[in-house]
Structures are given as C-alpha cells and as structure tokens.
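Chains as they are written, first to last, in the working numbering: chain A, 862 to 1042; chain Z, 862 to 1042. We put the CB at the ideal spot given by N, CA and C, even for glycine.
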DNA sequence: GTCTATACACCGATAGAC
DNA sequence: GTCTATCGGTGTATAGAC
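Next comes the structure, spelled out in structure tokens:
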C-alpha cells in the first residue's frame, strides 16, 4: 500500500463524512488496513491524516483550478481552463471539496488556516485574471468572490440534493455569463 | 428553561461544530443544563436534538426567505423580501445555515431528507417568482438554482474566511443584478 | 425538571509479535 | 509494514434521588 493510493482511499471517507465523522474504524475498513497500520503511515494519527488530506486537496485544487489562472495566455482562456479544472476537481459534481467539508466542521486552528489561505489565493488569482479582461480592480474582486461563492455553493447544492446535475448546470451558466464559448 | 430558549442555545453548538462535533458535554455546557436534563427535553437524545434543530432551521428559513416568495405582490418585491429574509436568516453572514452544516456531515437518511426537501422547495418557489418576472420556465429554473447556489456558497465562504463581509457583498451583488433598487 | 453517579460502547492511540 | 490485543478516555445514554 503506497501513500498515494492510501490518500485516495482516506479521502473518500473524510470527504463523505467530515473529519469528526471519519472514525478510525471506518477509515481502516475503507483502506483495507488495520488501525495500527494506519499509524505506521500517519504517526500523528487522525490529526496527521486530516492535515495530509487537506494539504493534498489544496494541491489538487491548485493544479486543477488555480494554476491555469497563473498562465500567460488570454484571460478568457485562463478562465475557461480554470472552470474545466474546477469541473475535474469536483468530479463533475459527484464529489465534494474537502476544504468546504472541513470548513463546516468544528473550528480547528490548523485546518482553518489552510482552508482560508487557499480560498484567499483563489479569489486573488481570479480577481487578477478578471482585471486582465478589462474590469476595474474593485469590480474584479467582487466578481471573483461571487464566482468562488457560486462554485462552492454549487458543490454544496449537488451534495445536499444527491444529484451532480445542479453543479454542472451552475458551471455551465458561469461559462456562458463570462462569454466563454 | 423553556424549549424555545433551549433550542437557540443548542443551535449555536450544532451550527458551529456540526452534528458529530456537537458532543453532549459541549451541549450541556452551552445550555447550562446537565446531560441528564437534556434527556428530559429530548427523550431521543442527540438524534432528537438534531431533528428538532433541523426542523427549526427549516421553519426559520421558510418564514424568513420562502414565505415572501409566496405572497401575491410584484415579483420584484417578493425577490427583494426574500433577500432581506436570507440576510436575516444568516445573521448578516455571522451565522451558518444548519441545513448546509448537516448536508456536509455524514450521510443520514432522516436529516438528508429534511434538508433536500427544503432546498427543493426554495428553488421551486424562486423559479416561480422568476417566471412571474417574465423569464421562460427553463431559464427561471436555471437562475433559481444559481441564486440558491450563490447564497449557500456565500455562507460557506464567510465561514471559511471567518469574515461576514463576503456574504453581504454577494447578497448586495445579487440584489443589483436582479435590478432590485 | 434538575441533578449526581454510572453504565457501557466506541473513540483514538499504543504495545509488541511476526 | 502489517497484524491482534488492549489501553485509557470520551461518547451517548440511563438510573434514581431530590
């Protein structure tokens, strides 16, 4: 069992059940390892797992959605690529964002800081890109916040309704509104 | 200690920590009652508390945000009133929606059904109102889904960033976009 | 209605064999 | 690296006095 595959298995449990809802018994079952073996891979136990998973989610979000915004091409193309990355990151609405799941659990200084930094980074990058399309600085920031809200909300809605379609529809709507055809 | 005041106290714990994170010890501390006394008010224990709180949240959302949509006035006024109700329901971004918090916890047939029904109801009512403004049926439904997404996402964002401002800004933006001035 | 005391299951975590 | 067995603590829930 290598760490990469292990993280994928753990992710499913934490994403679906939240940090508190992910008990070691369920994690062990999902991973095929015993509780004791999990401590070989994560000496800090559940705290370490949560940290590793949240870091992993941040990196995946960065690669899928944030990195495209940093590229040097046309801003319209960057926005388009970001939305494609978001679609992939959310598994087309079938999966939840771990940052969101953790954010709605109990307060935790370590976790909360990681979540907050990624979201701020996302909004900042998005605002810069929107500015490159000709928007004013303030309006770009407002729209960036709004877009991240919509994406997060779409993920929540899909989960709450047990249906990935609302997620895809909202993403399509955003694409259309931004004039990305 | 009457039930109304008790529910308000419990709400704070469940909203901030989620169902799994809300332990009886914390609930007892927050309510000023002992664990045993809580079982006098909620014979079914934590399950009963969660159900009562989720029902309460649904009713508050109904009164604040959904009821205005049912009224007979101008659709623009109904939308305006809904947004005011949403602002109030979310405590201007200082509080989270318990439906969202529960939706992102572990799957639970009872809870999930309640959450789902309220959200579907919200989207339906909103779509009807938007249709009354002259939108086509399909477009009204799409926009209704989008609006609920944005509101939910705004609540998540405000919580994740520990700052109510993004919530208020998104709500203001929606108001402006709908031409409600 | 509220309490103290307690039952008992499950939690995260560890010991130590292989 | 993986396991079985087990620890101490905390979780939900109950008994029974007042």
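Relative to residue 891 of chain Z, the option among Z:905, Z:904 and Z:876 whose CA is nearest is Z:876. Contacts with chain A at 7 Å (Cβ-Cβ) do not include residue 988 of chain Z. Below 8 Å, too few C-beta pairs join the region 913-923 of chain Z and the region 916-931 of chain A to call them touching: fewer than three. Judged by DSSP secondary structure, residue 875 of chain A falls within the alpha helix (DSSP H) whose first and last residues are 864-882.
Annotation: residue 1006 of chain A to residue 898 of chain A spans about 42 Å, alpha carbon to alpha carbon. Taking a beta-carbon distance threshold of 7 Å, residue 964 of chain A counts as an interface residue toward chain Z. By the criterion of a C-beta distance shorter than 6 Å, residue 986 of chain A is surrounded in its chain by 927 and 930, once the five residues flanking it on both sides are discounted.
When DSSP states are grouped into helix, strand and coil, residue 904 of chain A belongs to the coil group. Cβ-Cβ separation between residue 1039 of chain A and residue 940 of chain A: approximately 6 Å, consistent with a contact (criterion under 8 Å).
For the pair of segments examined, the region 957-964 of chain A was found not to touch the region 865-883 of chain Z: the number of CB pairs separated by less than 8 Å stays below three.
Under the 10 Å beta carbon count, residue 866 of chain Z is surrounded by fewer than 16 other beta carbons and is classified as exposed. With a threshold of 7 Å between beta carbons, residue 890 of chain A makes no contact with chain Z. For residue 1015 of chain A, the nearest beta carbon of chain Z is closer than 7 Å to its own beta carbon. Neighbours of residue 956 of chain Z in chain A, taken as residues at a C-beta separation under 7 Å, are lacking, since the least C-beta distance is about 12 Å.
Within chain Z, not a single residue places a beta-carbon under 8 Å from that of residue 895 of chain A; the smallest gap is close to 22 Å.
Comparing alpha-carbon positions, the option among A:902, A:873, A:975 and A:1004 lying closest to residue 1035 of chain A turns out to be A:1004.
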